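From first to last, the protein sequence lines are chains A and B. 1 is the number of the first residue of the first sequence in our numbering; add one for each residue after it. 1001 is the number of the first residue of the second sequence in our numbering; add one for each residue after it. Ideal placement from N, C-alpha and C gives every residue a C-beta, glycine not left out. Just so we're clear, the structure is a prediction, and the values are computed from it rather than from any experiment. Structure record follows, encoded as structure tokens.
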Amino acid sequence: MDNILSVLIFFPLLAGLLGFVVNKNSIRVYGIAVASIEFLLSLWLWMSFDATHAGFQFVESIPIIKEFGISYYIGVDGISLFIIIMATLMTLIGIVALEIKKDIKNLIITLLFLEVAMIGVFVALDAIMFYLFWEFSLVPMLYIIGAWGGDRRLYAAVKFFLYTFAGSLIMLVGMLYVAYVYHSVSGSWSFAITDWYALVLPLDVERWLFWAFFLGFAIKVPMFPFHTWLPYAHGQAPTVGSVILAAVLLKMGTYGFIRFSLPMFPDASVAYIVPIAIIAVIMIIYTAMVAYAQEDMKQVIAYSSVSHMGVIIIGTFAMNAEGITGSVFLMLSHGIVSGALFLLVGSIYDRRHTKLMSEFGGLASVMPKYAVIYGIMLMASVGLPLTIGFVGEYLSLVGFFRVSPTLTLLAGTSIIIGAVYMLTLYKRTFFGPVTNKANEVLSDLNGKELSALIPLVAIVVWLGVYPKPVLEPIDNSVKALVSFMHEKAQTPEAKETIVVSKLKREAK
Amino acid sequence: MLTPISIDLESLNLITLSPMLIAICGALLILIVDLVKPKLDKTLYVMLTMLILFVDLVSTYSATINERGFFDLMLVDGVSVIAQLIILTTSLLFIPLALTASNRRFHEYSYPEYFALFLFMVAGFQFMVSSDNLILIFVGLETASLSLYTLIALHNTRGAHEAAIKYFTMGALAAGFFLMGSAVIYAITGSVELYEVANILQSKMDDTGLMLPVVGGFVLMLVAVGFKVSLFPFHTWTPDVYEGSSAPMAGYMSIVPKLAMVVVAMRIFGMYINLDIETISYTIIIIAVITMTLSNMMALVQTDVKRMLAYSSISHAGFIMAALALGTTKANSAIFLYYGFFMVTNLGAFAMLWISHHKSKRHHERYDHPFSKFSGMIHKSPMAAVIMGIFMLSLAGVPPFSLFWGKLYLISSVVDFAAATEETKYIVLAIIMVLNSAIAAYYYLKLIIYMFLKPADESSGIVYVNQSRALNTVIGVLAILAIMSIFYVQPLMEFVTYLVSASGY
């Protein structure tokens, strides 16, 4: 099926529109069915994906505005493939675990529209298409936070929207500038990323454009000091909102760096490694410390998620195959692990209607299954070997070690501080005697929650032990990307920093 | 003894007048019908007006472009055709809304004079955009404006009278400035034909002491344009006038009169910009930047949706003026594209204000359309809330809704200009423009939040009386145009660019 990417985009859209007709008592089953079909389609995409081929596959291109070079241009490579699968998986799991009863029909339809936007962002190869899906993803998320969130949901929703909107508009100016440069060089308009890759820009222009794109992506990631919207968004969002936000929406930013910033501005990216790495290290250490100081379980996970995004940034700006592969893999593992942790917090919140750690204690004896799954996810989040978290974090740090051992050392503290706040959380919540009477009668995870969480546990262990089937396609595409950047780089420092892995050269 | 002047009818090229003549004859026809048989129902007049506008639209569309006629007073170029098409389409979408209103609350539509005046106004705007003779432009401007003041006043509420008087006073002032500006231009060059003025100015550019009167004439013209397009600091009438007029009328006023004046500005200022007088384009840009920023700030604090939309349309006017100052073909095409998309959304948004109102007259309330009126609309009237939400997102420039494409092209024209001239200040302009879009997103979101995320106020007694078939059809058409814009951007852009570049802008 050559048009599978279009099917992936438009199937949830169609299903969402048809969903308006479905009765609200049956909508949950409808949602699960649609999300499962979408997930199976994405698995089919993986099956028919040629892992040995590094370039874009399943490419489709239909011009939308010919004069202005905007086209419906989509494709997938090893970097985006697994993020797409993760997006469909997390949507499915989010819908399966849904506890919300109020206006459930609207929620499920909104989630399906959100899925359209998420898939669209990761398959778009045209900058305007990318921007279109990127901006459109804000609307469903605004509604999810604003309609089903906590007490300060309106503030959180608006803050989320405006922050991202402002950043991405600056990015839009950058895109238009690149398009103009392309037009003045080649004589025709094009917003296709693959065309833009071929563009060698003057160094000063490249630097300005790098920051324009940086602003758009950094707010989404979110990088320090633009991270302030995220704790509010997570704090107020319903469980399913947090799961999707942490698992997929944040990845749009880091994916943007790999898809746009690195190949388009290799020299600028190399020139700004140090400032960006310093921001990332601040982000890692500072937010980890903030996480330690939180009383609210969900906030701990929200801040820990920002902290881990810092490691992804470090890996991305390592400028070598190990680092970038690691960061892509870390995106996946972070998505699965933080998604699972938000689900776990959500299920305790549904039982007790509080997320404060001080309210709990000794839960391990009351809810053993819950404690086991929580423990596994926590270890994966910290980056214990043989869990999914270890692979990406290790590769990212190894990659960056070549650039700067000192900064890598500082970034590595994320594992230590991470262990500190996560284990403290675990200790205060699960161990010791049951201090609070209300906790004595809590029921353990029910079938619905288990069916959402057990697949995630399986993935965490499977990819922790044997990451090769996922790592290999990523690695192929990343190596091609790195060698492309190496060729494109103009300054000698950039050529030196962007290390093409040896294997690749031998193969040549 | 006077020698008889012989004029060849051929040389008059009367065909250039045909679109306006259709509108004027139509208006006279309506008056005659009323004279012969009074007390006919408004449905007849609405349909007649629509038919006349339709014929007018067809004759405009089929006009051969770059024709002059009637002693060279008329100039049918691409810009005039595209502007007339937008004006007529907006009018065609506006007039059916008259069917909606109950005769008791909106009795203005039961007078046939309303429709005659409306057609006279349309003809006035058509004259305004299809001439480069300052006198004819003035005549068109006054014909249109005087009819428009009356149309507002016919609404016959206290607010409407206030609005009409306010608009009249400001309009008269603007007309005065326009005349003085024309006089100054005539004094320097001895002509009121813009193409001749441009030639004479070009040849005199090196004269010392010419700059002062040239810039002086420009400033007077800028004041006149500023009043009509509502630029800072001449924008203060806008929210009050919009508030006083009926909601669809306000939507109409946010598009058609402004567009006509923008075309005039394009002709007059385009001449100055082509002469490379830098002060002039900087002045326009500075005013544009202040206009969009200030009105955005004002819109943030409004408590009434209609006033918020009024300030928002001022800020959109600022956007357009910024592009106008560049004077490139792309920027000028972007202006029309922007207006086309803006028409789709803004007329829709204003018409939506109309669908609900309070059951009882609320004399103690300051505003007719406070935000709270819309709270929880999603539960009472989900379809309406979704459509209004889409209009708001479109105004905010969220893709893929219509105004996004207008914004994209407009900002792209600014970025192109910056890259082509290698001037960083135009990049700054582009960034100011996008930041303003981000600020604007807040107040559009505010309405969405009220509609979707706030609980409904049960005690308010809001009824949806006006939701008739005509209104639903018009809003439905506009909503479909707003959502499906991605499918017709390409031909529209092609058409606009062709017409604009054909007329040399």
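Exercise for the section: Verify the CB distance criterion: does D1416(B) have a CB-CB separation below 7 Å to chain A? Expected result: A Cβ of chain A is located within less than 7 Å of the beta carbon of D1416(B).
Practice task
Below 7 Å between beta carbons is the criterion; list the residues of the segment 128 to 142 of chain A that meet it against any residue of chain B, in chain order.
Solution key: Y131, L132, E135, F136 and V139
Handout entry: Residue range of the unbroken beta strand (DSSP E) whose run includes F58(A)
Key = That run of the beta strand (DSSP E) goes Q57 to I65.
Problem - Collapsed DSSP secondary structure at I1065(B) in the structure displayed - result: In the three-state reduction of the DSSP assignment, I1065(B) falls in the coil class.
Practice task
Identify, in the order they occur along the chain, each residue of the same chain with its Cβ nearer than 6 Å to the Cβ of G256(A), setting aside the five sequence neighbours on each side.
Solution key: F217
Problem - P1370(B) - partner residues in DSSP beta bridges - result: D1304(B)
Handout entry: CB contact check: Y349(A) to chain B, cutoff 7 Å
Key = no
Exercise for the section: Report yes or no: is there a C-beta of chain A within less than 7 Å of the C-beta of I1449(B)? Expected result: yes
Exercise for the section: Report the rounded CA-to-CA distance for R505(A) versus A198(A), giving the unit in angstroms. Expected result: Here the model assigns R505(A) a pLDDT of 43, short of 50, so the residue's position is not dependable and the matter cannot be decided.
Handout entry: Spatially closest choice to I1432(B) from A1187(B), M1298(B), P1248(B) and A1322(B), by CA coordinates
Key = A1322(B)
Practice task
Quick one: measure Cβ to Cβ for A1438(B) and L162(A), integer angstroms, because I've assumed they're closer than 8 Å.
Solution key: Correct: roughly 7 Å between the Cβ atoms.
Problem - Under 8 Å by beta carbon: chain A residues contacting P1096(B) - result: Chain A residues near P1096(B): none, gap ~28 Å exceeds 8 Å.
Handout entry: Interface flag, G146(A) vs chain B, CB-CB below 7 Å
Key = yes
Practice task
For Y72(A), name the three-state secondary structure that DSSP assigns.
Solution key: strand
Practice task
Can you give me the start and stop residues for the beta strand (DSSP E) that M1074(B) sits inside?
Solution key: First-last of the beta strand (DSSP E) with M1074(B): M1074 to V1076.
Handout entry: Environment of F160(A) [buried if 16+ CB atoms lie within 10 Å]
Key = Result: buried.
Practice task
Show which residues of chain B have a CB atom less than 7 Å away from the CB atom of I65(A).
Solution key: Result: V1489, Q1490 and M1493.
Handout entry: Short Cβ contact (7 Å threshold) for F430(A) with A380(A)
Key = no
Problem - S1147(B) and M1121(B) closer than 7 Å at C-beta - result: yes
Practice task
Determine the direct distance from the alpha carbon of L442(A) to that of M1(A), and round the result to whole angstroms.
Solution key: 49 Å
Practice task
Answer with yes or no whether the minimum CB distance from A166(A) to chain B is below 7 Å.
Solution key: A Cβ of chain B is located within less than 7 Å of the beta carbon of A166(A).
Handout entry: Cβ-Cβ distance between F49(A) and S80(A) below 7 Å
Key = no
Handout entry: For L1231(B) and I1165(B), the rounded distance between their alpha carbons
Key = 20 Å
Handout entry: A192(A), DSSP secondary structure in three states
Key = strand
Exercise for the section: Find the residues of chain B that neighbour I109(A), judging by a C-beta separation of less than 8 Å, and give them in chain order. Expected result: The contacting residues do not exist; I109(A) stays about 11 Å from chain B at best.
Exercise for the section: Reducing DSSP to helix, strand and coil, say where E295(A) ends up. Expected result: coil
Practice task
Along the alpha helix (DSSP H) that carries Y349(A), what are the first and last residues, could you check?
Solution key: A321 to R352
Handout entry: Where L1337(B) falls, given that 16 or more other Cβ within 10 Å makes a residue buried
Key = With 16 or more other Cβ atoms within 10 Å, it is buried.
Problem - Residue from Y1242(B), G1226(B) and M1249(B) with nearest C-alpha to Y1367(B) - result: Y1242(B)
Problem - C-beta atoms of N1013(B) and G1069(B) nearer than 7 Å - result: yes
Practice task
Let me know if T1169(B) comes out buried or exposed under the rule of 16 or more other beta-carbons within 10 Å of its beta-carbon.
Solution key: exposed
Handout entry: With 16 other Cβ atoms within 10 Å as the buried cut-off, status of S1131(B)
Key = Looking at its Cβ environment, which holds 16 or more other Cβ atoms inside 10 Å, S1131(B) is buried.
Problem - Listed by chain order, chain B residues near L162(A) by CB distance under 8 Å - result: A1438, A1441, Y1442 and L1445
Problem - Neighbour list for F1371(B) in chain A, Cβ cutoff strictly below 9 Å - result: Those within 9 Å of F1371(B) in chain A number zero; the least Cβ separation is about 13 Å.
Exercise for the section: Apply the 10 Å Cβ neighbour rule to S451(A) and answer buried if 16 or more other Cβ atoms are within range, or exposed otherwise. Expected result: exposed
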